[in-house]
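Chemist: Numbering (the working numbering), first residue to last: 21 to 266. First the structure, then my questions, so here it is.
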Ligand SMILES: NC(=O)c1ccc[n+]([C@@H]2O[C@H](COP(=O)([O-])OP(=O)(O)OC[C@H]3O[C@@H](n4cnc5c(N)ncnc54)[C@H](OP(=O)(O)O)[C@@H]3O)[C@@H](O)[C@H]2O)c1
């Protein structure tokens with residue numbers, strides 16, 4: 021898949037992994053639009069990167085997604101690449117009941133329903149260009165759950181399964197379906213997780229681009245690849261290893 025001269029929409033592109041991917045696509049000569057819930061955060065990005073387009077959009081809101089779709093049609097004349105990156109991560113323990121049921125359901129809404137809704141509304145637009153792509157950002161934890169983040173890991177396993185199905189269904193269309201499964205990456209999302217090695221954002225972006233350019237549909241940088249392999253060959257071992265201090 022080519023990375024230059026594309027029109028790229030990245031959900032949750034105002035920080036972390038979404039932002040580094042936005043910068044990487046801009047540097048490769050693509051047009052990029054990023055969205056998120058917090059407009060102020062997006063405006064700060066716009067001050068640094070004048071070429072980037074920003075839009076306030078909560079991926080759980082059908083109305084806001086429809087408005088974003090119209091903006092993409094009018095300002096961009098369509099898009100070629102949709103990156104479903106928006107997500108949240110909650111650590112909690114069922115024994116102390118710290119996380120409300122509303123927060124647990126919200127994690128499912130953003131991490132799963134958000135991506136589903138984006139694909140639902142943007143699919144007709146993505147079928148128009150000669151070559152298009154959907155990139156779903158799941159996690160290495162889709163293969164082996166980190167028990168401290170039970171709902172999060174379940175959402176990423178769901179995204180992995182769903183991505184395989186839509187990739188299969190869209191075979192023969194112009195849309196290629198990718199999945200980026202990052203390992204632990206140094207972003208504010210996982211700052212609570214101490215004592216685990218974290219990949220730097222630049223390294224993740226480089227590995228993503230390499231896989232994307234070569235049509236590697238499941239991109240598993242660094243330790244995410246090991247999690248995938250060990251979940252097949254030694255599932256009990258890797259589960260215990262990952263959770264031994266939790
Ligand atoms: N960091 C890691 O170790 C790691 C590892 C594996 C996978 N991932 C995945 O990578 C993705 C990006 O995470 P990150 O580490 O870069 O964290 P991050 O910096 O917190 O980025 C998450 C982004 O999602 C946006 N977002 C959250 N809820 C949203 C909603 N309802 N609608 C639209 N945007 C929303 C946030 O912006 P607003 O708050 O402004 O909406 C934020 O910009 C996530 O899907 C995450 O699960 C991360």
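Just so you know, even glycine gets a beta-carbon here, dropped at the ideal spot from N, CA and C.
Flag this pair as touching only if the segment 217 to 233 and the segment 115 to 128 have three or more C-beta atom pairs under 8 Å; answer yes or no.
Modeler: Output reads no: the segment 115 to 128 does not touch the segment 217 to 233.
Chemist: Quick check on residue 225: does DSSP put it in helix, strand or coil?
Modeler: It is helical.
Chemist: Report the three-state DSSP secondary structure of residue 27 (helix, strand or coil).
Modeler: Here residue 27 sits in strand by DSSP.
Chemist: Taking residue 149 as the reference, which of 195, 226, 169 has the closest Cα?
Modeler: With distances taken between Cα atoms, residue 149 lies closest to 195.
Chemist: Please say whether residue 99 and residue 73 have beta carbons closer to each other than 7 Å?
Modeler: No, Cβ-Cβ distance for residue 73 and residue 99 is not below 7 Å.
Chemist: Enumerate, from N- to C-terminal direction, the unbroken alpha helix (DSSP H) stretches of 4 or more residues contained entirely within the segment 51 to 98.
Modeler: Complete alpha helix (DSSP H) runs here, min 4: 59 to 68, 82 to 96.
Chemist: Select from 45, 62, 69, 255 the residue whose C-alpha is nearest the C-alpha of residue 78.
Modeler: Residue 62 is the option with its Cα nearest to residue 78.
Chemist: Any chance the CB of residue 229 is under 6 Å from a heavy atom of ligand 1?
Modeler: Checking the Cβ of residue 229 against ligand 1 gives no.
Chemist: Select from 205, 189, 184 the residue whose C-alpha is nearest the C-alpha of residue 198.
Modeler: Checked all of 205, 189, 184; the closest Cα to residue 198 is 184.
Chemist: If you check the beta carbons only, do residue 103 and residue 30 fall under 7 Å apart?
Modeler: It is a contact, given that the beta carbons lie within the stated cut-off.
Chemist: Let me check understanding here. Comparing Cα to Cα, which of 191, 228, 218, 181 lies closest to residue 132?
Modeler: If we check each option's Cα against that of residue 132, 181 comes out closest.
Chemist: So, for residue 48: in the same chain, excluding its five sequence neighbours on each side, which residues have a beta-carbon less than 7 Å away from its beta-carbon?
Modeler: Once the five neighbours on either side are set aside, the close Cβ partners of residue 48 are 23, 24.
Chemist: For residue 83 and residue 90, what's the separation of their Cα atoms in angstroms?
Modeler: For residue 83 and residue 90, the distance between alpha carbons rounds to 11 Å.
Chemist: Does the Cβ-Cβ distance between residue 162 and residue 176 come in under 7 Å?
Modeler: Contact flag set, yes.
Chemist: Cα separation between residue 190 and residue 225?
Modeler: Cα to Cα, residue 190 sits roughly 25 Å from residue 225.
Chemist: Taking only runs of the beta strand (DSSP E) that begin and end inside the segment 115 to 193, which ones reach a length of at least 3 residues, in chain order?
Modeler: Listed in chain order, the complete beta strand (DSSP E) runs (minimum 3 residues) inside the segment 115 to 193 are 152 to 157.
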